[in-house]
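Shown next, in structure tokens, is the structure this report addresses.
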Ligand SMILES: C[S@@+](CC[C@H](N)C(=O)[O-])C[C@H]1O[C@@H](n2cnc3c(N)ncnc32)[C@H](O)[C@@H]1O
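In UniProt numbering, the protein residues as written are 1 to 255.
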């Protein structure tokens, strides 16, 4: 690319403590955990694979119910935070630093999930497919996988070119201006993240993600072996519609 959106693995530099504090601590993690336990059919003592786990915000409440968690994330600091929280919670959760394009759970799990845009980050479909392949490989036969992805149809319909976010810290306020532009011929969403730190320093990051519609996700999931692909529109299990808050694909590894 020649527009400043290089082909490097942008996720290796975007995800830091500011992004975690702005986007990964949330109110609905308990409800999301209950939704996943129900949707994946997990009993206490079952194992679940959290692919692109971040700081473990979703899987730690699952572990608190007796589900055993294995997570992976490429950001070592997020993994450290997740393991520290797991130790404090005294629950069965192990989080590993690693590349989700390659990492497989050490032992096959009863269920798995990739939540909140950990997927679709490479411009190359073949590479994104590899991540789904590692989720498939991490499951026991019959295990279900939930993929929470951007609701692309709604995102494009309600497109917002710039959003601002503010984070209060002891040393002052961090301002984030996120500018977005769809590249429709390429099926990409290009974003420029400008962070203004409390001392006035500006830090700029760029990201590029694929814009997959539900049918594209279903095709990719089936191409790595998943079957029974269905969609939900939210953690209250509502159907997927143009207005639903999320786009969640649920698929099964055949027995
Ligand atoms: C938006 S965050 C979501 C984190 C977590 N699933 C949650 O919902 O709180 C996306 C995460 O994907 C991770 N990620 C992106 N690409 C990855 C890769 N190739 N391998 C491992 N982790 C990756 C990032 O480090 C980040 O923590």
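Cβ coordinates follow ideal geometry from the N, Cα and C atoms, glycine included. Please read these numbers as outputs of a predicted model, since none were measured by experiment.
Sub-8 angstroms separation of residue i and residue j beta-carbons
| i | j | result |
| --- | --- | --- |
| residue 175 | residue 214 | no |
| residue 249 | residue 211 | no |
| residue 93 | residue 63 | yes |
| residue 68 | residue 100 | no |
| residue 71 | residue 96 | yes |
| residue 246 | residue 161 | no |
| residue 60 | residue 89 | yes |
| residue 54 | residue 78 | yes |
| residue 195 | residue 18 | yes |
| residue 141 | residue 255 | yes |
| residue 143 | residue 109 | yes |
Nearest-angstrom beta carbon gap, residue j and residue i [assumed within contact, 8 angstroms]
| i | j | result |
| --- | --- | --- |
| residue 120 | residue 165 | At roughly 21 angstroms, the Cβ-Cβ gap does not stay under 8 angstroms, so residue 120 and residue 165 are not in contact. |
| residue 111 | residue 163 | Wrong, their Cβ atoms sit about 33 angstroms apart, outside the cutoff. |
| residue 145 | residue 251 | 5 angstroms |
| residue 235 | residue 32 | 5 angstroms |
| residue 105 | residue 159 | Between residue 159 and residue 105 the Cβ distance is about 37 angstroms, and since that is not below 8 angstroms, they are no contact. |
| residue 197 | residue 206 | Rounded, the Cβ-Cβ distance is 18 angstroms, inconsistent with contact. |
| residue 147 | residue 42 | The pair is not a contact, with the Cβ atoms about 16 angstroms apart (cut-off 8 angstroms). |
As assigned by DSSP and simplified to three states, the class of residue i
| i | result |
| --- | --- |
| residue 118 | coil |
| residue 153 | helix |
| residue 34 | helix |
| residue 39 | helix |
| residue 171 | coil |
| residue 145 | strand |
| residue 162 | strand |
| residue 9 | coil |
| residue 25 | coil |
| residue 16 | coil |
Residues bridged to residue i (per DSSP)
| i | result |
| --- | --- |
| residue 193 | 178 and 205 |
| residue 188 | 183 and 210 |
| residue 252 | 144 and 227 |
Please list the segments of the alpha helix (DSSP H) lying wholly inside the UniProt domain "Methyltransferase" (48 to 143), counting only runs of 4 or more residues, in order along the chain. Secondary structure within the UniProt domain "Methyltransferase" (48 to 143): the alpha helix (DSSP H) runs of 4 or more consecutive residues, fully enclosed, are 59 to 63, 76 to 89 and 125 to 137 (chain order).
Which runs of the alpha helix (DSSP H) fall wholly inside the segment 214 to 250 and span at least 4 residues, in chain order? Complete alpha helix (DSSP H) runs here, min 4: 214 to 223.
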